[in-house]
Amino acid sequence: HQSLSFSPSLTAEILGLSDMMSYRSKRSLLVPPMFVPENQRAPFPRLIGKVISSDMKEDHIFRLIGRGADQDPKGVFSINRLTGEVAVSRALDREAIAYYHLQVSTTDLSGRLVEGPVDLDVSVIDQNDNRPVFKEPRYSGEVLEGSPTGTTVMTMTAYDADDPNTDNAVLRYIIVRQLPDKPSPNMFYIDPERGDIVTVIAPHQLDRETLPTTQYELEIVAKDMAGSEVGLTGTATATITITDRNDHAPEFTHSLFQASVNEGSTGVVVNLTVDDRDDPATGAWRAIYSIINGDPNQNFEIQTNLDNNEGMLSVVKVRNVFFSYLINHTEIRDLQSKMLCYWLPLHEIKMDHIFIHNNPCPTLFFLTLPYVSLGSPPASGTGTLKITLEDENDNAPYVFPSVARVCEDAKDMNVVVIGGRDKDIHPNTDPFKIELGKQPGLEKTWKISRINDTHSQIMLLHSLKKANYNLPLVLTDSGIPPISNNTELKVQVCTCRKNRMDCSRASSIQTNLLLLLGLVLLSILCKYPFIPPSTSCVCV
75 HQSLSFSPSL
85 TAEILGLSDM
95 MSYRSKRSLL
105 VPPMFVPENQ
115 RAPFPRLIGK
125 VISSDMKEDH
135 IFRLIGRGAD
145 QDPKGVFSIN
155 RLTGEVAVSR
165 ALDREAIAYY
175 HLQVSTTDLS
185 GRLVEGPVDL
195 DVSVIDQNDN
205 RPVFKEPRYS
215 GEVLEGSPTG
225 TTVMTMTAYD
235 ADDPNTDNAV
245 LRYIIVRQLP
255 DKPSPNMFYI
265 DPERGDIVTV
275 IAPHQLDRET
285 LPTTQYELEI
295 VAKDMAGSEV
305 GLTGTATATI
315 TITDRNDHAP
325 EFTHSLFQAS
335 VNEGSTGVVV
345 NLTVDDRDDP
355 ATGAWRAIYS
365 IINGDPNQNF
375 EIQTNLDNNE
385 GMLSVVKVRN
395 VFFSYLINHT
405 EIRDLQSKML
415 CYWLPLHEIK
425 MDHIFIHNNP
435 CPTLFFLTLP
445 YVSLGSPPAS
455 GTGTLKITLE
465 DENDNAPYVF
475 PSVARVCEDA
485 KDMNVVVIGG
495 RDKDIHPNTD
505 PFKIELGKQP
515 GLEKTWKISR
525 INDTHSQIML
535 LHSLKKANYN
545 LPLVLTDSGI
555 PPISNNTELK
565 VQVCTCRKNR
575 MDCSRASSIQ
585 TNLLLLLGLV
595 LLSILCKYPF
605 IPPSTSCVCV
């Protein structure tokens, strides 16, 4: 047998006792966690704690390493080599370094490790030495006029560099001043914990057109220590703009506009002016003009002048002069005795075509009549006689235009004018009653208001996504008995920017509708004979 000898350390390793011995060696150093308040004043160094060794010998010394000892920032902490007392050498700033992780060990005089190393954690205790700071000195927000009480306008946020786990960083917000302070010094409220600014004023008072200004400035204070009297404060300004809602209809500046135009001429004949109390910088101010009565032959058109919002009324088609007379079906036989008594007998009376009901020119037919005046000397010429037939209420009314456009943002151009039309004639036509269909919930998105006997306006009450919508409508005429028509208005919700409207998705709808209308009109045109071509008359 060969004799073997083992060192104590090798024996411990073979028996699995090395880890236990190391643990016991480390645990022989008692190293409690230590705490240092920030911003301490001189004198320094200051004792902050003590490390105890149960196996300390005369030739053993304590050693301290780590950030704040032998690593940058060096020399912040030191340990007494013989007693184990730990000291801080200068004032600390928790916001710079809140936590130091050091290690303590013992060595003999030659530097050989005896015990350790053992972690020494030093925490810097926070002092309330930082004021709340807002990210920006001035904040901007806006609220739509007429908004309900409690509407959130904006959120103010401040930060505090102190320890978030202490009251030193717990903030409370308050409004200390409102300018101007009319109509109430407390038009707005700020949630003390979240910083949300909400409206307090009643909706009817939040009226952009009657308020003394459209901008209000609030001075906001954030205070730490949960708002206590000893808390530190920070200040910022919130500017709130009252934005415009389309809540004022345009009003003509005159009840009557007059103009004259030379026979056979075209172009602008008069500019119509309106007042609108809404914001001129928004689509709510932009007027859209429509001719709703008095121009059955579409001789005129009206367009908006984008520079001054005036309506430019133009002649686009030279006008002809007609003589009118109303007859019923039974009176057609008596046309000669009833109508032509006003005409002087000449060689010939030519008759144009009769257009029966439901054609593009409903209830009308025309006679081209030569005539001579009774003046001296006499003069001859040709006149056109327009004859209108009486009507029965046998056609349902329909809406025009069939396609309407609004802006997707309810703050912009959100009103369209629609009218009713009827292939019948008065009194079996207007006044029309235009209502929303019976589909539930329509009244929450759309509102119909009557303008006159033939037209109403449709208002979009809240913003909708850009798309095409079919809006159910019910049109009822004034015939006896009245006839109703359940129909749909195609509404294009468009993107509007700088008074320009983008409705690119829906262009095909309008094209298809015009094509369909043309085909229908073409299919129903026909001609009928009326009276003999030779008749005598006397003009008076």
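All the letters of the sequence shown, read from the start, carry residue numbers 75 to 614 under my numbering. All residues carry an ideal CB built from backbone N, CA and C; glycine is no exception.
Burial state of residue i, where buried means 16 or more other Cβ atoms lie within 10 Å
i	result
Gly368	exposed
Ile126	exposed
Tyr173	exposed
Arg168	buried
Pro211	exposed
Val295	buried
Arg574	exposed
Ile554	exposed
Ser558	exposed
Thr273	buried
Gly185	exposed
Arg571	exposed
Asp468	exposed
Lys148	exposed
Lys297	buried
Ser530	buried
Gly269	buried
Arg246	buried
Asn502	buried
Ile153	buried
Ala116	exposed
Ile492	buried
Residue interval of the beta strand (DSSP E) (run including residue i)
i	result
Ile376	Phe374 to Thr378
Cys577	Taken as a continuous stretch (DSSP letters only), Cys577 belongs to no beta strand (DSSP E), as it is neither H nor E.
Tyr290	Gln289 to Lys297
Leu66	The structure shown does not extend to residue 66, since the chain is modelled only from 75 through 614, so no value can be given for it.
Thr315	Thr307 to Thr317
Tyr247	Arg246 to Leu253
Met386	Gly385 to Val389
Lys124	Arg120 to Lys124
Val196	Leu187 to Ile199
Val274	That residue, Val274, is in no beta strand (DSSP E); it is neither H nor E in DSSP.
Met228	Thr226 to Thr229
Val490	Val489 to Arg495
Pro111	Met108 to Pro111
Proximity winner among the options, relative to residue i (alpha-carbon distances)
i	options	result
Val188	Ser197, Leu103 and Pro257	Leu103
Gly338	Ala296, Glu303 and Lys391	Lys391
Asn373	Pro277, Arg351, Thr340 and Val348	Thr340
Asn542	Ala333, Lys564, Glu219 and Ile249	Lys564
Pro626	Thr311, Asp576, Lys497 and Ser537	As shown, the chain starts at 75 and ends at 614. That puts residue 626 outside it, with no answer to give.
Asn510	Thr157, Ile525, Thr561 and Ile171	Inspection of the sequence shows that residue 510 is occupied by Leu rather than by Asn. Considering only alpha carbons, the answer is Thr561.
Ser322	Arg282, His500 and Gly305	For the record, residue 322 in the displayed sequence is His; it is not Ser. Checking every option, the nearest Cα to that of His322 belongs to Arg282.
Asn320	Glu303, Gly357 and Leu245	Gly357
Arg204	Thr317, Thr226, Gly215 and Gly308	In the sequence on display, residue 204 carries Asn and not Arg. The shortest Cα separation from Asn204 among Thr317, Thr226, Gly215 and Gly308 belongs to Gly308.
Val150	Glu219, Gly140 and Thr157	Gly140
Ala170	Ser523, Asp236 and Ser476	Asp236
Ile248	Glu267, Glu219 and Gly158	Glu267
Ser258	Pro514, Pro286, His500 and Asp144	Pro286
Residues near residue i in its chain [Cβ-Cβ closer than 8 Å; skip 5 each side]
i	result
Met108	Ile122, Gly123, Val160, Leu194, Asp195, Val196 and Ser197
Ile376	Leu346, Tyr363, Ser364, Ile365, Gly385, Met386, Leu387 and Ser388
Thr181	His134, Ile135, Arg137, Leu187 and Val188
Ile199	Phe109, Val110, Pro111, Glu112 and Arg168
Ser221	Thr273, Pro277 and Leu280
Thr519	Leu534, Leu535, His536 and Leu538
Ile525	Ile366, Val491 and Gln531
Contact set for residue i: own chain, Cβ-Cβ below 6 Å, skip 5 residues either direction
i	result
Arg164	Phe118
Val192	Lys100, Leu103, Val105 and Val178
Phe326	Val348
Asp241	Met299 and Ala300
Tyr233	Val207
Chain-order list of residues whose beta-carbon lies under 7 Å from that of residue i (same chain, five-residue window excluded)
i	result
Asp576	Cys568 and Thr569
Val304	none
Leu545	Trp520, Glu562, Leu563 and Val565
Which residue spans inside the stretch 506-539 form an unbroken beta strand (DSSP E) run of at least 3? For the stretch 506-539, whole beta strand (DSSP E) runs of length 3 or above, ordered along the chain, are 507-510, 520-524 and 529-534.
Restricting to runs no shorter than 3 residues, where is the beta strand (DSSP E) found entirely within the stretch 321-378? Whole beta strand (DSSP E) segments, 3+ residues: 341-346 and 374-378.
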